[in-house]
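Once you know that position 571 of the sequence shown is 571 in this note's numbering, the rest is easy, because the numbers rise by one and skip nothing. We treat Cβ as the ideally placed atom computed from N, Cα and C, and that holds for glycine. Below is one structure, written out as structure tokens; the observations come after it.
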Amino acid sequence: MAKIPVYSVYPDNGHSPLGLAAIIAFAKRYKDGVLEQAFDFVPGYVDGPRAVLEKVLTGRPGVILCSDYVWTTVRNFQLSGLLKSGLPGSIVIHGGPDVPKYEDSCRAFFARYPILDIAVRGEGEIVTAELLEQLAAQGLESAARDPSFLSAVPGITFRNGADIVRTGERPQVRTLDAFPSPYLTGHFVPQEVARWKAVVLETNRGCPYGCAFCDWGSLTLSKIRKFDLDQVEAEIAWVAEHKIPIMWIADANFGIFERDVRIAQVIADAARTHGYPKQVILSYAKNATARLATIVSTLCSAGVMAHGIVSIQTRDEDTLTAINRSNISTQRYEELIEVFRSNRLPMSTDLMMGLPGSTPETFKGDLQFFYDRRVGLKVYPTRLLPNSPMAHPDYMAKHKIKIDAENRVVESASFSQADLARMRRISKLYAGMVQARALKYPLLYLQLEHGLRSLDVLDALQERMESDPASVSQIVDSVEEYRENFAAMTVAEWTVFYAQFAAFVAGRYGVDDAAFRIVLQVQAAVVPAPDRPLPAELAMAHDFAAWHAQLGRVRNIEDARAAAPPRLTQFGPGVLHISDPNDLCGANAHFLQDLYDIHIIEWELSSALMPDYLLPVTTQQHALVD
Numbered sequence: 001m002a003k004i005p006v007y008s009v010y011p012d013n014g015h016s017p018l019g020l021a022a023i024i025a026f027a028k029r030y031k032d033g034v035l036e037q038a039f040d041f042v043p044g045y046v047d048g049p050r051a052v053l054e055k056v057l058t059g060r061p062g063v064i065l066c067s068d069y070v071w072t073t074v075r076n077f078q079l080s081g082l083l084k085s086g087l088p089g090s091i092v093i094h095g096g097p098d099v100p101k102y103e104d105s106c107r108a109f110f111a112r113y114p115i116l117d118i119a120v121r122g123e124g125e126i127v128t129a130e131l132l133e134q135l136a137a138q139g140l141e142s143a144a145r146d147p148s149f150l151s152a153v154p155g156i157t158f159r160n161g162a163d164i165v166r167t168g169e170r171p172q173v174r175t176l177d178a179f180p181s182p183y184l185t186g187h188f189v190p191q192e193v194a195r196w197k198a199v200v201l202e203t204n205r206g207c208p209y210g211c212a213f214c215d216w217g218s219l220t221l222s223k224i225r226k227f228d229l230d231q232v233e234a235e236i237a238w239v240a241e242h243k244i245p246i247m248w249i250a251d252a253n254f255g256i257f258e259r260d261v262r263i264a265q266v267i268a269d270a271a272r273t274h275g276y277p278k279q280v281i282l283s284y285a286k287n288a289t290a291r292l293a294t295i296v297s298t299l300c301s302a303g304v305m306a307h308g309i310v311s312i313q314t315r316d317e318d319t320l321t322a323i324n325r326s327n328i329s330t331q332r333y334e335e336l337i338e339v340f341r342s343n344r345l346p347m348s349t350d351l352m353m354g355l356p357g358s359t360p361e362t363f364k365g366d367l368q369f370f371y372d373r374r375v376g377l378k379v380y381p382t383r384l385l386p387n388s389p390m391a392h393p394d395y396m397a398k399h400k401i402k403i404d405a406e407n408r409v410v411e412s413a414s415f416s417q418a419d420l421a422r423m424r425r426i427s428k429l430y431a432g433m434v435q436a437r438a439l440k441y442p443l444l445y446l447q448l449e450h451g452l453r454s455l456d457v458l459d460a461l462q463e464r465m466e467s468d469p470a471s472v473s474q475i476v477d478s479v480e481e482y483r484e485n486f487a488a489m490t491v492a493e494w495t496v497f498y499a500q501f502a503a504f505v506a507g508r509y510g511v512d513d514a515a516f517r518i519v520l521q522v523q524a525a526v527v528p529a530p531d532r533p534l535p536a537e538l539a540m541a542h543d544f545a546a547w548h549a550q551l552g553r554v555r556n557i558e559d560a561r562a563a564a565p566p567r568l569t570q571f572g573p574g575v576l577h578i579s580d581p582n583d584l585c586g587a588n589a590h591f592l593q594d595l596y597d598i599h600i601i602e603w604e605l606s607s608a609l610m611p612d613y614l615l616p617v618t619t620q621q622h623a624l625v626d
């Protein structure tokens, strides 16, 4: 009797499909390989229309597996729908974090996607193996005619004619020892591996916290279970030997265990031996400790880009209470910042925009806090994940949450849609002016010497852009799509840009002194431009580099201002030497466009102003895309 084909669907996005691969790797091992007697696990992934056509021309009806995430669900259904229409009689099974577990939401999910036959809730390895075992025993035709036998499998929801049937809940697996690594079992075909920019690994599963916005595979508020350390180390070696540049470690709290220091050392040793990975992306432990500094230092010492990224999301007490995150001490973040800075290591954070409890002022306060401490950050819009506590109907009603077609939160009891639009605008302005360094030094000078908080200046600039766009037209034209526009701006265009900002500052704050003009000259000289002659020297009436060096000895900008350091005009003449070792004005002019999940951006020409506690980020970042 011919085996039933099992097709795996995953859109090609340059990542390894770990979740789906782990499910298949376990299914092959389930009960000593019993499923391989009934099923043909078709190698490779259906990643686009061409792959669908190949399977339709050469394959037979079978089981179609998909693992849904926010970024793959729509494409997964497009591809699995095409495959099912070409191979009638196939059974479509979707699982993953984007498949809703709440009953009403799950019913709506089935209504939205008529091709869906079975939805898997929670961890997928064991439930999928049991599903396949039932399908092998009953046959696909029986499943299409009367799938009621699937009621014996806990942890699923399935379509039975016009009914949507929900089976009982499945208890969490206590140990991960039975789950093999798809990397080490030869699951992936070489052609796929060769296309990857990034590979995803797990060293553990689970999260002890219950933040309302989060769904870590429906494993929040759970005990953390570890994968075998020997397996983890072997997977790291596999990644390095296959020369995959980026490693995502999909743990919710990397650094929470002592063994994570050893894992970091294994990655560093692999990078020294093979030159890969070049970047590690991590979600660090929330109640962070100095252990994280050791981890980041270990990776950075091997040339692996791995900033200390701590997912703070917000520091506002009301918002922390609203999102059930008040059990995570924000004071520990202050301590961690000091640990990283004292060890001259880079650090950055995640912030969420549009959390229940937040307002434009609290969002500005979050941005200002990290600006003052010179901590890089990345802002994410709040998205309603279908299995998060925030998606529960009671929570949504309590906080008056409204979402858009892409499940992004657009309104809550604490902010209106107009408020959120204001937050978005200030976030974009911050990204271009602070993160991409377009106004790095003028904002710093205005806060230090004139007491003008940088976020207040940006907020006022935003108001001017809206009320009188012509007065700051160059900024308006550029900041909305700064990653595309900044690289193309010429020296003359940057000159107009800074002249408009100077006029805005003079008109709004009355600041139009010789010292501020020096700061603007410095800023204009260190911004990359395709027609900028380099190397260059900038003679200054007052040594801005010496003035700026004072910041290296203080905790944050407000501490520096309180200490009343020497003003810029108290420094004698100086010369700033400027060069472009990373070729940001030439071959790497589109550096900003090529950034991959980067929180710290040093899009700036080299000079004495560049902080020595940061890695030469630009060189490493470009190695990822070359």
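Identify the continuous alpha helix (DSSP H) that holds residue i and give its terminal residues.
i, result
"Y276", "Here Y276 belongs to no alpha helix (DSSP H), and DSSP marks it neither H nor E."
"D394", "P393 to K398"
"S454", "S454 to S467"
"S85", "T73 to G86"
"E484", "Y482 to N485"
"H548", "F544 to A549"
"F370", "P360 to D372"
"G96", "Unbroken run through G96: none, as it is neither H nor E."
Determine whether the Cβ of residue i lies closer than 9 Å to any Cβ atom of chain C.
i, result
"R555", "Protein chain content of the structure displayed is limited to a single chain, and chain C is not contained in it."
Using only the alpha-carbon positions, how far apart do residue i and residue j sit?
i, j, result
"V52", "G44", "12 Å"
"E233", "T203", "9 Å"
"L135", "L150", "8 Å"
"V339", "K364", "25 Å"
"P182", "L18", "8 Å"
"V266", "L377", "27 Å"
"F599", "Y445", "The residue asked about is misnamed: residue 599 is His in this sequence, not Phe. Rounded to whole angstroms, H599 to Y445 spans 23 Å at the Cα level."
"F370", "I249", "25 Å"
"V165", "G122", "16 Å"
"P565", "H450", "13 Å"
"E103", "R60", "33 Å"
"P190", "K3", "25 Å"
"I401", "H94", "27 Å"
"P573", "H542", "4 Å"
"A514", "L385", "52 Å"
Under a three-way DSSP split, which group does residue i fall into?
i, result
"G210", "coil"
"F188", "coil"
"W248", "strand"
"T157", "strand"
"R662", "Since the first residue of the chain shown is 1 and the last is 626, residue 662 is not available in this structure."
"Y7", "strand"
"G59", "coil"
"P616", "Because the pLDDT at P616 is just 33, under 50, the model does not fix this residue reliably, and the value given afterwards should be weighed accordingly. It is coil, neither helix nor strand."
"Q521", "helix"
"M423", "helix"
"S90", "coil"
"V239", "helix"
"K31", "helix"
Only counting the same chain, and skipping five residues up and downstream in sequence, which positions put a Cβ closer than 7 Å to that of residue i?
i, result
"W196", "G14, H15, S16 and I244"
"N160", "P147 and S148"
"V46", "Y7, S8, V9, V52, K55, L79 and L83"
"E169", "P154 and G155"
"A129", "F26, A27, Y30 and L35"
"K428", "V479 and E480"
"P5", "D40, V42, G59, R60 and G62"
"Y69", "G96, P97 and D98"
Which whole-angstrom value describes the C-beta separation of residue i and residue j, a residue pair presumed to lie in contact below a C-beta threshold of 8 Å?
i, j, result
"Q523", "P581", "Not quite, the Cβ-Cβ distance comes to about 20 Å (not below 8 Å), so this is no contact."
With a CB to CB cut of under 6 Å and the five nearest residues on each side skipped, what residues in its chain are close to residue i?
i, result
"A302", "A268, A271 and R272"
"I601", "Q435 and A436"
"V575", "E537 and A539"
"P360", "D419, R422 and M423"
Any heavy atom of the ligand NAD inside 8 Å of the beta-carbon of residue i?
i, result
"P182", "Absence of the ligand NAD from the depicted structure is noted, as is the absence of any ligand whatsoever, leaving it without description."
What are the boundary residues of the beta strand (DSSP E) that includes residue i?
i, result
"R166", "D163 to R166"
"F415", "Careful: F415 lies outside any beta strand (DSSP E) and carries neither H nor E."
"S348", "M347 to M353"
"V379", "G376 to P381"
"A536", "A536 to M540"
"D531", "Here D531 belongs to no beta strand (DSSP E), and DSSP marks it neither H nor E."
"F39", "F39 to F41"
"A198", "A198 to L201"
Under 8 Å Cβ to Cβ from residue i, same chain only, skipping five residues before and after it: list those, please.
i, result
"R453", "Q368 and Q447"
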